[in-house]
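Numbering (the working numbering), first residue to last: 1 to 552.
Listed below in structure tokens is the structure:
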């Protein structure tokens, strides 16, 4: 006997998307609202139809009861002959189902069904016999009906009640009229439901596109992933809206820009950032790998506008370039030192050839004198630098810069009062910052004092003075114009054209501020510019006097 084949298991359906859930919820809610409105309209229409029937029958019965023809016919021996045609005319004209005129004992004189004439009226007439007009719903010969009984008074008999008039509309007639109204209400409800469903579908289709078909749990997970990724990225991410306010910033951006936790929602202009950096963040066009300085960092800024016909804001990424810039400066110094060594090696080769040639010519004494003089000249500067500056990083920097100066035809002079003992610099004063400060100041001085300046010279002072490290670099170049004293430390300012210019002094200013020092610039006695840097050799408390250092 063959075994039955197992049915393939149905693949479990995943959770419905958020748009689908909202669509189903809105359809159910709309159907419930429309059904409730239709039910309310039905009940209200039913009450209104019954009330209208009572008003109409009351008006018809009262009018017939007050008719002189009815009062006169009630006095005759055969009221039916005069009243039956009259009652039928009134019934058809008023749009009611029956108009019955009867004797006080309930004997019918008129009826829409002639066979019912002479029979007893089915209904209550007690209140009418007492002179009242009372509506009621009663089961009569024509079925359940809404009816009114009104008394007929004869003025010639002292107002005595001589007859009764009943007018009514059957429930079937009311129901038929109500059915027509309910069908109209249902048609409107179905139309509203269809239109509402189509509108809801369109809105939810758009929502589905925006949510990529994700359900509520998926959107929650995406938000959690977004937040985790946003704060895990070390690079800074900054989102600005169309009005230049911070819409979103991650932890890396706050750290790189030094912003407080309440930066979101504030305009960029109120964050206390440097002017060039603020301008770059608010720029309308894209920015690619621009270098900008803050109080403590060198940042690479990239920005891209977000727009769909009109400006919606911009996305800004920030990368910390501080260490790379410092390493780049050190690399430039090493490269310059290597070039100087190459130049010195070339000069040494020339001098060696000269010594060899003098020996070959038999002038040994002149060869010894020439070689000794050159060795003394080279060793004198080395001995002076090593003897005055025991800090190895600064000593190496000064020797390298001296070689560069010699190659460029500039005399580098270390003043006699220079003195820095080994171990004097505190751990909080990085040697890298000293290389940045002194190296850039000497480079600028060499550029300013380079030939054709006559007797080009750069004078360097480096000493510990009263708990401070004093670094002073002066040259005999053209100097700095009076109006440019404050501008020279702005990124991009330079008297020379070309890429990469205008960053050295800005980095010097940044390093000095970072180490709570002061930087001043004035005119040197030799006629050029003199830059003086003072860095504290002890830790200054935050917000103390040393923290207010800067350019003066």
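All C-beta atoms, glycine included, are put in the ideal place defined by N, C-alpha and C.
Opposing strand residues paired with residue i [DSSP bridges]
i           : result
residue 317 : 237, 302
residue 120 : 107
residue 414 : 460
residue 57  : For residue 57, which the question treats as bridged, DSSP gives no partner whatsoever.
residue 98  : 168
residue 529 : 523
residue 472 : 461, 532
residue 145 : 138, 170
residue 152 : 163
residue 246 : 240
residue 420 : 389
residue 518 : 534
residue 267 : 245
Close-in-space but distant-in-sequence residues of the same chain around residue i (CB under 6 Å, 5 per side omitted)
i           : result
residue 91  : 99
residue 477 : 448, 449, 453, 528
residue 60  : 94, 96, 167
residue 418 : 388, 461, 462, 463
residue 67  : none
residue 399 : 385
Limits of the unbroken beta strand (DSSP E) element including residue i
i           : result
residue 292 : 287-293
Cβ distance (whole Å) where residue i is taken to contact residue j below 8 Å
i           : j           : result
residue 258 : residue 246 : Actually they do not touch by this definition, with Cβ atoms about 14 Å apart.
residue 456 : residue 411 : 7 Å
residue 273 : residue 294 : 7 Å
residue 397 : residue 438 : 6 Å
residue 167 : residue 64  : 7 Å
residue 107 : residue 118 : 6 Å
residue 171 : residue 144 : 4 Å
residue 317 : residue 256 : Actually they do not touch by this definition, with Cβ atoms about 10 Å apart.
residue 56  : residue 169 : 7 Å
residue 466 : residue 538 : About 11 Å; that fails the 8 Å criterion.
residue 359 : residue 349 : Actually they do not touch by this definition, with Cβ atoms about 16 Å apart.
residue 436 : residue 511 : 5 Å
residue 163 : residue 116 : Going by Cβ atoms, the distance from residue 163 to residue 116 rounds to 17 Å, so no, they are not a contact pair.
residue 150 : residue 62  : 5 Å
For residue j and residue i, the rounded distance between their alpha carbons
i           : j           : result
residue 565 : residue 180 : Since the first residue shown for the chain is 1 and the last is 552, residue 565 is missing from the structure and cannot be characterised.
residue 279 : residue 391 : 41 Å
residue 305 : residue 243 : 12 Å
residue 194 : residue 25  : 15 Å
residue 50  : residue 146 : 8 Å
residue 505 : residue 292 : 13 Å
residue 220 : residue 302 : 30 Å
residue 239 : residue 520 : 38 Å
residue 152 : residue 82  : 16 Å
residue 28  : residue 203 : 16 Å
residue 552 : residue 471 : Confidence at residue 552 is low in this model, with a pLDDT of 48, below 50, so its placement is unreliable and no value can be given for it.
residue 499 : residue 300 : Any answer about residue 499 is weak, because its pLDDT of 44 lies below 50 and its placement is not dependable; what the coordinates show is given next. The alpha-carbon atoms of residue 499 and residue 300 are separated by roughly 16 Å.
residue 495 : residue 287 : Confidence is the limiting factor: at residue 495 the pLDDT is only 49, short of 50, which leaves the residue's position unreliable, though a coordinate-based value still follows. Spanning the two alpha carbons is a distance of roughly 24 Å.
residue 497 : residue 361 : The predicted model places residue 497 with a pLDDT of 44, which falls under 50 and marks its position as unreliable, so this point remains unresolved.
residue 196 : residue 30  : 7 Å
residue 109 : residue 53  : 23 Å
residue 523 : residue 480 : 8 Å
residue 155 : residue 126 : 21 Å
residue 422 : residue 354 : 40 Å
residue 462 : residue 262 : 44 Å
residue 120 : residue 40  : 40 Å
residue 501 : residue 427 : Note that residue 501 scores 48 on pLDDT, short of 50, meaning its location in the model is unreliable and no value can be drawn from it.
residue 531 : residue 313 : 42 Å
residue 533 : residue 241 : 41 Å
residue 492 : residue 199 : Residue placement at residue 492 is poorly supported in this model, since its pLDDT is 48, which falls under 50; the coordinates still yield a value, given next. Residue 492 and residue 199: Cα-Cα distance of roughly 58 Å.
residue 111 : residue 43  : 32 Å
residue 78  : residue 136 : 29 Å
residue 352 : residue 369 : 13 Å
Span of the alpha helix (DSSP H), counted from its first residue to its last, around residue i
i           : result
residue 255 : 251-257
residue 407 : 392-407
residue 481 : Where residue 481 is concerned, there is no enclosing alpha helix (DSSP H), given that its DSSP letter is neither H nor E.
residue 444 : 431-449
residue 280 : 275-281
residue 509 : 504-514
residue 425 : No alpha helix (DSSP H) holds residue 425; DSSP gives it neither H nor E.
residue 129 : 126-129
residue 71  : 68-73
Cutoff 7 Å; reference residue i; Cβ partners in own chain excluding five residues on either side
i           : result
residue 515 : 429, 433, 535
residue 38  : 185, 186, 189
residue 442 : 401, 458, 460, 473
residue 386 : 395
residue 289 : 300, 302
residue 253 : 236, 237, 238, 318
Residues near residue i by beta carbon distance below 8 Å, same chain, minus five either side
i           : result
residue 409 : 450, 451, 456
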